[in-house]
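> Below you will find the structure I want to go over with you.
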Amino acid sequence: MIKITTNLTNLREKIDEVDKNIIELILKRMDLVHKVGLNKLRTNARVYVPEREAFIFKKLATFSNLSANEVQSFYTEIISFCRKLEDTLSVAIIQDSISLLGLKKIFGEYVKPIIFQNLNTFFTDTQNISYILSPLSEEIILALQNCDWFIINTTEVNHNRLYLLSKYPNEINSPGDITYILTKSKINTSSYQIKENLFFSSIDSLDLEKLDDEEIKILGFVPSL
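Under this note's numbering, read the sequence shown as residues 335 to 559, first letter to last.
What follows is the structure in structure tokens.
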């Protein structure tokens with residue numbers, strides 16, 4: 335019994351030392367993020383960069399036996415905590431639990447939800463809003479067709495797919511990313527008809543070159559994990 339207790343104590347001491355190292359590294363990361371934030375402020379660059387975060391998750395996954403999705407599940411909070419040094423992002427959502435859970439899943443704890451009662455009011459006053467998280471709807475897609483907003487990320491909560499919209503498109507398109515488009519005809523089984531001669535579709539970014547540019551409107555692309 336004494337041996338077991340001693341071993342347990344030694345293991346806990348080692349865990350405490352690892353925890354100390356983790357905190358020290360997070361503080362170091364926060365200092366670096368702060369410097370990045372100052373640079374972004376001078377250049378008016380984006381605070382939230384989905385393609386950069388996806389790259390981090392995939393890169394960290396290569397250092398372990400974890401998948402990129404598993405890394406994302408806990409590392410999002412570290413990024414969220416560090417990001418607040420740059421800015422606490424405001425994201426418009428409709429008033430329901432699915433949207434709130436999706437918001438936290440993408441951005442972590444440090445994000446400010448702006449609650450709307452319904453989808454129709456999303457685009458009526460967007461002067462102070464840079465992001466919208468919403469399920470797919472005809473109203474949202476028609477708004478994307480007629481304004482300079484882009485799909486930059488997605489998430490799923492309880493089998494409900496939510497789309498993150500932004501005034502700032504993702505800038506780096508990599509193999510495996512998903513491109514969202516509007517087309518005049520159905521191009522695959524996942525195409526969603528909005529109205530006559532207007533379909534919402536998702537395709538692999540590599541397939542985009544096969545389509546006629548005059549027949550499509552690119553709504554944005556989402557980095558894959």
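Here a beta-carbon is modelled for each residue, glycine too, at the ideal position from N, C-alpha and C.
Nearest to I512 by CA position, among L453, S433, L437 and P384, is which residue?
When each option's Cα is compared against that of I512, the closest is P384.
> Check the C-beta distance from I474 over to S468 and give it rounded, since I have them as a contact under 8 Å.
I474 to S468, Cβ: 5 Å. Contact.
> Compute the Euclidean distance between the alpha carbons of E549 and I412, then round it to the nearest angstrom.
Rounded to the nearest angstrom, the two C-alpha atoms are 42 Å apart.
> Once the 5 residues before and after S401 are set aside, which same chain residues still bring their CB inside 7 Å of it?
Cβ neighbours of S401 beyond the five flanking positions: A395.
> Report the partner residues of N494 according to the DSSP bridge assignment.
Paired residues: V491.
> Can you list the beta strand (DSSP E) stretches of 3 or more residues lying completely in the segment 369-405, in chain order?
Taking only runs of at least 3 residues, no beta strand (DSSP E) segment lies wholly in the segment 369-405.
> Does the segment 511-528 come close enough to the segment 346-356 that 3 or more CB-CB pairs lie under 8 Å?
The segment 346-356, when compared against the segment 511-528, does not touch it at the 8 Å Cβ threshold.
> What did DSSP end up calling D421 once you bin it into helix, strand or coil?
Coil at D421, not helix or strand.
> Rounding to the nearest angstrom, what Cα-Cα distance links P485 and K348 in this structure?
The question names Pro, but residue 485 in the sequence shown is Ile. Going by the C-alpha atoms only, they are around 45 Å apart.
> Taking G436 and T489 to be in contact with their CB atoms under 8 Å, please state how far apart those CB atoms are, rounded to whole angstroms.
Contact holds; Cβ gap of about 5 Å.
> Mind reading off the beta-carbon distance from V367 to E420? Whole number of angstroms is fine, and I expect it under 8 Å.
About 7 Å; that satisfies the 8 Å criterion.
> Could you work out which residue in F555, E543, E404 and Q406 is closest to L311 when comparing CA atoms only?
Residue numbering for the chain in the displayed model covers 335 to 559; residue 311 lies beyond these limits and cannot be assessed.
> Measuring only the C-alpha atoms, how far is S539 from N487?
Looking at the two C-alpha atoms, the distance is approximately 14 Å.
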